[in-house]
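Quick note: the sequence shown uses our numbering, first residue 2, plus one each step.
Glycine is no exception: its CB is placed at the ideal position from the N, C-alpha and C atoms.
Fair warning: this is a prediction, and the values are worked out from it, not measured in the lab.
Have a look at the structure below, then the notes.
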Amino acid sequence: MLFTILLGLFSAILLIPFGSRLKSKWSILLPLIPTGIFAYYLGFIPKIASGASFVQHIEWVPTLGVNFDFRLDGLSMLFMLLITGIGTGIFFYARTYLKGHPYFDRFFGYLFLFMTAMMGLVLSDNMLLLFIFWELTSISSFFLIGFNNDNKDSRKSAMTAMTITGMGGFFLLAGLVLLGNVAGTYQISELIEYKDRIINSDFYPLILLFIFLGAFTKSAQFPFHFWLPGAMKAPTPVSAYLHSATMVKAGIYLLARFFPALGGTDLWSYPLMIVGGFTMLYAAIHSLFRIDLKSILAYTTISALGILVFLLGVGSREAIIAAAVFILVHALYKATLFLVTGIIDHETGTRDITKLAGLRKVLMPVAIAGILAALSSAGLPGTFGFIGKDLIYEATLHSKENLMLILTILAVITNTCLVAAGFMAGWKPFAGELPREYSQLHLPYKSMWIPPLILGTLGLLFGLFPSFIGKWMSLATANSIFGAETDLKLAIWHGSFNTVLILSLVTLGLGILLYIFNKPSEKKVSFLEKFQSISSQSILTRYSNDIIRFSTWYTGKFHNGYLRSYHLKIILFAEGLLIYKLWMSGPIQIDFDNLTPLTIYEVAVVVILLGALLIVVSTPSRLTAVVSMSVIGYCICLMYVFYSAPDLAMTQFTIDTLSTVLFVLVLYKLPGFLNLASAKQQYRDIVVALGFGAILSIIALKVLYEPIQTQTSDFYGENAYILAKGKNVVNLILADFRGIDTMFETVVLGIAALGVYSLLKLRLKSSEKE
2 MLFTILLGLF
12 SAILLIPFGS
22 RLKSKWSILL
32 PLIPTGIFAY
42 YLGFIPKIAS
52 GASFVQHIEW
62 VPTLGVNFDF
72 RLDGLSMLFM
82 LLITGIGTGI
92 FFYARTYLKG
102 HPYFDRFFGY
112 LFLFMTAMMG
122 LVLSDNMLLL
132 FIFWELTSIS
142 SFFLIGFNND
152 NKDSRKSAMT
162 AMTITGMGGF
172 FLLAGLVLLG
182 NVAGTYQISE
192 LIEYKDRIIN
202 SDFYPLILLF
212 IFLGAFTKSA
222 QFPFHFWLPG
232 AMKAPTPVSA
242 YLHSATMVKA
252 GIYLLARFFP
262 ALGGTDLWSY
272 PLMIVGGFTM
282 LYAAIHSLFR
292 IDLKSILAYT
302 TISALGILVF
312 LLGVGSREAI
322 IAAAVFILVH
332 ALYKATLFLV
342 TGIIDHETGT
352 RDITKLAGLR
362 KVLMPVAIAG
372 ILAALSSAGL
382 PGTFGFIGKD
392 LIYEATLHSK
402 ENLMLILTIL
412 AVITNTCLVA
422 AGFMAGWKPF
432 AGELPREYSQ
442 LHLPYKSMWI
452 PPLILGTLGL
462 LFGLFPSFIG
472 KWMSLATANS
482 IFGAETDLKL
492 AIWHGSFNTV
502 LILSLVTLGL
512 GILLYIFNKP
522 SEKKVSFLEK
532 FQSISSQSIL
542 TRYSNDIIRF
552 STWYTGKFHN
562 GYLRSYHLKI
572 ILFAEGLLIY
582 KLWMSGPIQI
592 DFDNLTPLTI
602 YEVAVVVILL
612 GALLIVVSTP
622 SRLTAVVSMS
632 VIGYCICLMY
642 VFYSAPDLAM
652 TQFTIDTLST
662 VLFVLVLYKL
672 PGFLNLASAK
682 QQYRDIVVAL
692 GFGAILSIIA
702 LKVLYEPIQT
712 QTSDFYGENA
722 YILAKGKNVV
732 NLILADFRGI
742 DTMFETVVLG
752 IAALGVYSLL
762 KLRLKSSEKE
C-alpha cells in the first residue's frame with residue numbers, strides 16, 4: 002500500500018519540475034501508472050469480499066502517535082478503485098483535451114499529486130496521517146482548480162476552495178486530536194473498541210462538531226457549498242475527477258469511516274439529516290434554473306453529496322447499504338456527464354443548453370455515453386441508478402416512524418428534480434434538430450470519448466447484473482461502514498410491486514414531466530441571482546472584507562518588518578509567561594545568610610561589566626560599542642573561570658574574539674550610526690530590558706532553593722565515556738547525544754548565510770525599487 006502511494010508521489014515530484022522534457026508522444030505512458038495501481042487493487046477483491054482486511058504498519062513518530070498505518074477494507078477498496086479507475090480514464094482524456102497547453106506536463110504532475118493524496122487519505126488507519134493527506138488534497142486541488150492561472154476567475158475559484166476547505170481542515174485537526182486523546186489511540190480501526198468511552202465523554206459533542214465542519218466544507222454542504230460551483234472554472238478533466246469520485250467524496254469518506262465509532266446517537270443523526278436533507282433539496286432545485294452544463298452538474302453533485310450525508314445521518318442498516326451503493330452509482334454517471342460536457346464544450350465552444358441540440362448526429366458515441374449516464378441519473382429501470390434510488394427509498398421508509406413521511410417526501414422531491422436535471426445535462430444536447438453551425442463537427446480522438454462511453458456502459462451493466470457488483474463490492478463496503486454484517490442483496494426485481502417500486506416509478510414520471518415543462522433561460526438565472534445578496538457566499542464575502550481590514554491592522558502592528566518591533570513583542574510575551582509562572586509557583590524564599598560572600602575581584606568584574614554595558618547603549622560611536630561588547634564578553638568569561646567552568650570560558654572567549662574581529666571588518670560597510678528611537682521609546686525599552694533582567698535574576702535565585710533533578714545530568718555523566726568514548730560531557734552532548742539537533746542548527750545558519758549573500762548580491766531595477 003505504501004509503495005503505491007510512493008509511486009504516485011514520485012511521479013508527481015518528477016513531472017512538476019522536469020515534465021517539460023517529456024515529449025508528447027511519450028505522454029501515453031502516464032495513464033499506465035493509475036492503470037497499474039487499479040489492476041493491483043483489483044486483485045484484492047476476492048479476499049475483501051470474503052470479509053478480510055489488509056494492514057501495513059511502519060513507525061514514523063511513535064511518541065506522538067503518528068505512524069504509517071494503512072488499512073485496506075471494503076470502504077477503502079471502493080474508493081481506491083474509483084480513484085485509480087476513473088483516474089485512468091481522466092489521464093487518457095486529459096492527454097488529448099489539454100494537448101498543446103503550455104503547462105501540459107505540469108498538469109499531470111498536479112494530477113498525480115492529487116491522486117496520491119486521495120489514495121493516502123482513504124488508506125490511512127492513523128488519524129493524524131489521514132489529516133496530512135486530507136490537507137494535501139486541498140493543496141493539490143488548489144493548483145488543479147486554478148490551473149488556468151492567467152484567468153482571474155480561475156484564481157478566485159481556487160482561492161475560495163482553498164479557503165473553505167482549509168478552514169474545515171483546522172476544525173478537523175482539532176476534532177481528531179480530541180478524539181485521539183479521549184479514545185487513547187489515534188488508530189482508526191481501534192476506535193470502535195472505545196465507542197462507549199467516546200460517546201460518554203464530555204468532549205463528544207465538540208468532537209462531532211469539529212469533524213462535521215471538516216466533512217461539510219470538503220463535501221460542499223450548505224452553507225459551505227458555494228465553492229464547488231465556482232470550482233467549475235477548472236479544466237473539465239479536473240471537474241470530472243475532483244467532483245465525481247474523489248475530493249468532494251473525501252468528506253463522505255470521513256463520515257463513513259468514523260460512523261462505527263461515532264455514529265448511532267441523536268447528536269450524530271439529526272445534524273447530518275438536517276444539513277444533508279436541506280443541501281440535497283436546495284441544490285436539486287437550483288440545478289433546474291441553470292443553463293450552463295457544468296453549473297447543472299455542479300449543483301446536482303452538491304445534491305448527491307447531500308443525499309449521502311443524509312443517509313449516513315439516518316444511520317439504519319438500510320441507509321448504510323443505500324449510501325454504499327449510491328457512492329458508486331453517482332461516481333459512474335457523474336464522471337461520464339462531466340467528460341461528455343467537456344467534449345461538447347471542446348467541439349462546440351459552448352456549454353449553454355439553450356444553444357445545444359441534435360449533437361447525436363455528429364457525436365454519436367458521445368451521445369450514447371451521455372444518454373446512458375442521464376438514464377442512470379434519472380433512475381430508469383435497468384440502470385444502476387435505479388438500484389440506487391430504490392435503496393434510498395428503502396432507507397427512508399425504514400427510518401424512525403415520526404420521521405418516515407417527512408424524509409420520504411424530501412427524497413421524492415429531490416430525486417424528481419435530479420431526474421429533470423439529469424435529462425437536461427445528458428439528453429437535451431443530443432435531442433432535437435442539429436443547428437446548422439454544428440453540422441461540420443467531428444468526433445474528437447478516441448482517448449476522449451472512449452472513457453465516458455466505458456463509464457456510461459458500466460452504469461448500465463451494473464444495473465442489469467446488480468447481484469455481481471453487490472457480492473464483490475457493495476456488500477464489503479456496507480459492512481465496513483456499518484461495522485457489522487448488513488446482508489446486502491441487490492436485484493433488478495424483488496418479486497413484488499411494493500411501495501419502493503411505486504415511489505421510484507412516480508419519481509421517474511414526475512421528473513420527466515418536470516424536464517418537459519421546465520424551460521431554462523437567462524431570465525430564470527437572472528431571477529435566481531437576485532437572491533445572491535442573502536446567500537452564504539455573499540455573507541462570507543462581506544465578512545472576508547472585515548477580516549482583510551483586521552488583517553491589515555494586525556500586520557501593521559505585529560508584522561511591520563522592523564526587527565526591533567519583533568524583538569520587543571517576543572520579549573514582552575516571554576516576560577508575561579515568566580511572570581505568570583513565577584506567580585503560580587508560590588512565594589519566593591531567599592536565605593541571604595547562606596549565600597557565598599562576594600570577593601573583591603568578583604565585584605570588580607561586575608562593575609566593569611555594568612560600565613561597559615552602559616557605554617554600549619549610550620555611545621554614538623559604533624566602534625566604541627563593539628569594543629564595549631567585547632569587554633562584556635570577556636567579563637562573562639572571567640565569571641565562568643571563577644565558578645569552575647574553564648571549557649565554557651574558552652568557548653566564550655573564542656566567540657567574543659571572533660565576533661569583535663568580524664564586527665570591526667564590516668564597520669566600513671555599514672551606514673552611519675543613527676538612533677531612530679524617540680525619548681519615549683527609549684524609556685520604554687529601558688523598562689522592558691530592566692524588567693526582563695529582574696525576572697531572570699529572580700528565577701536564578703529561586704532555582705537555588707528548588708529540589709534539583711539530577712537524572713538527566715547523571716545519565717550524561719555515566720554514559721559519556723561508555724557510549725560516546727569521550728570525557729568532555731558538554732562537548733559530547735552537543736556533538737553526539739544531540740548531534741542531529743546541532744547539525745540542523747548549522748543548517749539553519751547556512752540557510753541564513755545564503756539569504757544574506759543573496760540580499761548582498763541583489764540588484765533591483767529602478768522600476769522594481771518603487
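(1) Report the option in Ile482, Val507, Leu663 and Glu191 whose CA atom is closest to the CA atom of Val420.
(2) What whole-angstrom Cβ distance do Leu573 and Val689 have, given they're in contact under 8 Å?
(3) Using alpha carbons as the reference points, say which of Lys490, Val315 and Gln712 lies closest to Leu408.
(4) What is the DSSP secondary structure of Ala707, counted as helix, strand or coil?
(5) Using 8 Å as the threshold, is the stretch 339-347 in touch with the stretch 279-289, meaning 3 or more CB pairs across them?
(6) How should Tyr242 be labelled, buried or exposed, when 16 other C-beta atoms within 10 angstroms of its C-beta is the threshold for buried?
(7) Starting from Arg72, trace the alpha helix (DSSP H) both ways and give me its first and last residue.
(8) Grab me the residues of Ser377's own chain with a C-beta within less than 6 Å of its C-beta, minus the 5 sequence neighbours each way, in chain order.
(9) With three or more beta-carbon pairs closer than 8 Å as the criterion, would you say the stretch 177-193 touches the stretch 248-264?
(10) Kindly indicate which three-state DSSP category Leu16 falls into: helix, strand or coil?
(11) Between the C-alpha atoms of Leu180 and Leu273, what's the straight-line distance to the nearest angstrom?
(12) Should the stretch 235-250 be regarded as contacting the stretch 129-148, the criterion being three or more beta carbon pairs within less than 8 Å?
(13) Taking the Cβ atom as the reference point for each residue, do Phe424 and Ala379 lie within a distance shorter than 8 Å?
(14) Quick one: which unbroken beta strand (DSSP E) runs of 3-plus residues sit fully inside the stretch 362-436? Chain order, please.
(15) Is DSSP giving Ser679 helix, strand or coil here?
(16) Going along the chain, which residues of its own chain have a beta-carbon closer than 6 Å to the beta-carbon of Thr280, five neighbours each way excluded?
(17) In the DSSP assignment, what residue or residues form a beta bridge with Val62?
(18) According to DSSP, Gln188 sits in a beta bridge with which residue or residues?
(19) Would you mind stating whether Ala324 and Leu338 have Cβ atoms separated by less than 8 Å?
(20) As a quick exercise: from Lys48, Gly101 and Trp61, pick the residue whose alpha carbon is nearest that of Gly75.
(21) Taking only three categories from DSSP, how would you classify Asp293?
(22) On the DSSP bridge assignment, give the partners of Val56 in chain order.
(23) Buried or exposed for Asn499, going by 16 or more other Cβ atoms inside 10 Å?
(24) Over the uninterrupted alpha helix (DSSP H) stretch that includes Ile503, give me the two end residues.
(25) Can you give me the C-alpha to C-alpha distance between Leu511 and Leu3, rounded to a whole angstrom?
(26) I need the straight-line Cα distance from Leu442 to Gly343, nearest angstrom please.
(27) What do you reckon, are the CB atoms on Leu268 and Ile212 nearer than 8 Å?
(28) Where does Phe217 land, buried or exposed, given buried means 16+ other C-beta within 10 angstroms?
(29) Leu289 and Ala422 look like a contact to me (Cβ under 8 Å); what is the Cβ gap, rounded to whole Å?
(30) Is Asn150 buried or exposed, if buried means 16 or more other CB atoms sit within 10 Å of its CB?
(31) At a cut of 8 Å, does the stretch 476-494 reach the stretch 357-366 through at least three beta carbon pairs?
(32) Is Asp151 helix, strand or coil by DSSP?
(33) If you drop the 5 nearest sequence neighbours on each side, which residues of the same chain put their C-beta closer than 7 Å to that of Val606?
(34) Since Lys429 and Ile354 are thought to touch, with beta carbons under 8 Å apart, how far apart are those beta carbons, to the nearest angstrom?
(35) Using only alpha-carbon positions, find the residue among Ala162, Leu263 and Pro521 that is nearest to Ala208.
(36) Report yes if the C-beta distance between Val183 and Asn127 is below 8 Å; otherwise report no.
The short version:
(1) Val507
(2) 7 Å
(3) Val315
(4) Before going further, note that residue 707 is Glu rather than Ala in the sequence given. Three-state result, Glu707: coil.
(5) no
(6) buried
(7) Element bounds for Arg72: not the alpha helix (DSSP H) but the beta strand (DSSP E), Val67 to Leu73.
(8) Tyr334, Thr384, Phe385, Gly386 and Gly460
(9) yes
(10) helix
(11) 19 Å
(12) yes
(13) yes
(14) none
(15) coil
(16) Gln222, Phe223 and Gly307
(17) Val67
(18) Asn127
(19) no
(20) Lys48
(21) strand
(22) Arg72
(23) exposed
(24) Thr500 to Phe518
(25) 49 Å
(26) 15 Å
(27) no
(28) buried
(29) 6 Å
(30) exposed
(31) no
(32) coil
(33) Cys636, Leu639 and Met640
(34) 5 Å
(35) Checking the sequence shown, residue 208 turns out to be Ile, not Ala. For the residues Ala162, Leu263 and Pro521, the minimum Cα distance to Ile208 belongs to Leu263.
(36) no
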